[in-house]
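The structure under discussion appears below in the form of structure tokens.
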Amino acid sequence: MGDNSERKTVGGRVAIIGTGSRAAMFVRGIVERPASAVVAILEPNTIRAAYYNDLLKSLDAPTVPVYKPEQFKDMLTTERVDAIVVTCIDALHHLYIIPALEAGVQVLTEKPMTTDADKCRAILETGKEVDPEIGIILFTNLLNERLRRERSGQAVISIHFEWLLDTIHGADYFRRWHRQKGNSGGLMVHKSGHHFDLVNWWIGSEPETVAGMGKTAFYGKEAGTKNGWAKDYVRARGSDEARKDPFAMHMEMDETLQKLYAEAESADGYHRDMNVFGPDIAIEDDMSVVVRYKSGVTLTYHLTAYSPWEGYRVMFNGSEGRLELEVVESEYRSPSDGERLGGLIHGTNSLPHPGGATVTLQRLWEKPQRLPVNIDHSAHGGGDTRMLSVLFGAKPGQEVDTGDASKQSANEKDGAMALAVGVCANESFKTGNFIDVASLNFPL
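Quick note on the UniProt record's numbering: the sequence shown kicks off at 1 and runs consecutively.
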């Protein structure tokens with residue numbers, strides 16, 4: 001996230017690229033703001049696209065034309081598109097970002113901006129030629145802003161950052177398209193990119209060198225069998241064996257998932273409910289990373305995707321003491337929580353069993369101070385709601401956000417620097433070497 005307060009909001013005639021679960025938040029956010037309108041959908045699955053036109057009707061907005069991927073450029077011209085919101089498979093983002101930039105269209109893309117160094121270089125090269133307007137969806141919340149304010153004034157020396165995904169949310173990456181690294185870049189890119197962006201923003205520096213170790217220690221057939229959790233089925237739908245699996249997701253129990261995925265299978269064969277202990281899992285679930293920044297700050301980071309609770313811990317060691325944040329987004333999960341995944345995973349509902357948050361500041365030679373905090377248990381800690389107002393402007397009757405978020409403008413450079421750590425970490429996983437970010441040759 002940058003600090004460019006001059007960046008204008010996205011708006012006007014907006015096309016939605018890809019209609020998975022996440023797109024719903026943007027459709028609702030755009031419809032609620034009179035300065036913007038959804039004017040087109042690009043989606044190869046006609047059933048899923050129809051679901052989104054039904055959503056528009058339910059919001060008292062007009063239905064819109066649906067285009068296929070190969071009709072993208074025609075769509076931009078025919079519908080006089082001012083901006084696109086890219087929410088398709090991560091590895092396909094560049095196919096829409098680059099031609100949109102060349103056409104002078106604003107681009108707002110879900111994180112990650114893309115999945116590998118080659119695609120990132122292509123996006124950045126295009127940006128150098130056309131003076132881009134790219135926004136990367138890297139949300140923040142009040143607690144993360146509070147952490148930045150509290151650490152200002154002292155020199156940060158090192159950071160430890162631990163993120164825990166629970167056995168509902170974390171498992172979900174292993175039952176859908178994300179389980180193939182070619183689609184998502186793995187969790188180092190798809191999930192941790194947001195976390196690395198937060199660190200870049202907190203300390204005002206860029207990553208320089210990365211090393212890491214990653215493994216598939218819990219999900220997948222080999223680990224699942226070793227740990228005693230594996231069940232023998234391909235997908236949950238129609239499987240008696242899946243009924244015995246607490247990790248299985250049953251789409252028929254969730255109206256959103258039923259309509260968006262189960263009823264859309266006939267159009268493209270995509271299965272949203274794959275066995276998380278299947279033999280073809282190709283991403284890691286346990287990752288440790290060390291990063292050195294240009295400022296000299298060092299980061300130790302760990303991501304666990306099979307935790308019994310969900311949340312994160314961040315610790316700053318600085319020249320004047322230590323600052324700690326702990327956020328418990330969900331204290332525990334039960335298997336029945338998996339029956340309501342549609343809203344829980346993609347931000348329309350808060351997580352069940354919410355916990356608390358603590359911020360502790362301890363200066364050298366002083367007692368620790370427990371700083372007062374308020375935790376928002378709505379989507380992404382309230383970050384989604386605030387992000388929509390920053391990106392598309394305030395809703396009628398809503399006050400404009402004047403906090404730190406109003407000054408945050410994640411652009412293509414921020415997206416590249418967030419991606420860089422994940423890409424270098426993936427390379428380090430394979431080679432065992434320290435990887436210099438400069439070796440990616442990003443044209444920044």
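Built from N, CA and C at the ideal position, the CB exists for glycine as well. If you're wondering where the values come from, they're calculated on a predicted model, not measured in any experiment.
Between the segment 320-339 and the segment 98-111 there are fewer than three inter-stretch CB-CB distances shorter than 8 Å, so the stretches are not counted as touching.
In the DSSP annotation of this structure, the continuous segment of the beta strand (DSSP E) that includes T304 starts and ends at T298 to S307.
When only Cα atoms are considered, V437 and K128 end up about 20 Å apart. The beta carbon of L325 sits closer than 6 Å to the beta carbons of L147, V314 and V359 from its chain, once the five residues preceding and following it are set aside; these are given in chain order. Ranking V289, L444 and I435 by CA distance to the CA of H160 puts V289 first.
Along the segment 16-93, the beta strand (DSSP E) occurs as fully enclosed runs of 3 or more residues at 36-42 and 83-86, listed in sequence order. The residues I283, E284 and N426, in chain order, have a CB closer than 7 Å to that of G186 in the same chain once the five nearest residues on each side in sequence are set aside.
According to the DSSP assignment, T256 belongs to the alpha helix (DSSP H) that extends over E255 to L260. I435 and S428 have their C-alpha atoms roughly 6 Å apart. In the assembly as shown, K430 is an exposed residue. Its beta-carbon has fewer than 16 other beta-carbons within 10 Å. M387 has its alpha-carbon roughly 24 Å from the corresponding atom of P372. Apart from sequence neighbours up to five positions away, the residues of its chain that approach G29 with a beta-carbon distance below 7 Å are L388 and F392, ordered along the chain.
With respect to the 8 Å criterion, I157 and G318 are classified as neighbours on the basis of their beta carbons. Judged by beta-carbon spacing, S21 lies within the 8 Å limit of L260, meaning their Cβ atoms are closer than that value. Inter-residue distance for A394 and R33 is about 7 Å (C-alpha atoms, whole angstroms).
Counting only residues of its own chain and dropping the five nearest sequence neighbours on each side, A122 has a CB closer than 8 Å to the CB of H94 and I98. In the displayed model, D166 falls within a strand according to three-state DSSP. Note: V390 is not bridge-paired with any residue in the DSSP secondary-structure output. Per DSSP, L124 lies in no beta strand (DSSP E) segment; the continuous alpha helix (DSSP H) that holds it begins and ends at A117 to V130. Counting C-beta atoms within 10 angstroms of its own C-beta, N275 has 16 or more neighbours from the protein chains shown and is therefore classed as buried. Within the same chain, E284, M287 and F429 come within 6 Å of G214 by CB-CB distance, once the 5 residues on both sides are set aside. For V421, the enclosing alpha helix (DSSP H) starts and ends at E412 to T431.
Taking the C-beta atoms as reference points, C120 is found no nearer than 8 Å to F316.
For S439, no alpha helix (DSSP H) segment is defined, and its DSSP state is neither H nor E. Annotation: the segment 307-333 contains the following complete segments of the beta strand (DSSP E) (minimum length 3 residues), in chain order: 310-318 and 321-330. An exposed status is given to N374, since fewer than 16 other beta-carbon atoms sit within 10 Å of its beta-carbon. Fewer than three beta-carbon pairs drawn from the segment 237-253 and the segment 189-199 are found closer than 8 Å, and the two stretches are therefore not classed as touching.
Looking from the CA of T115, the closest CA among A91, W365, N227 and A100 belongs to A91. Each residue's CA atom was taken as its position, placing A61 and E366 some 58 Å apart.
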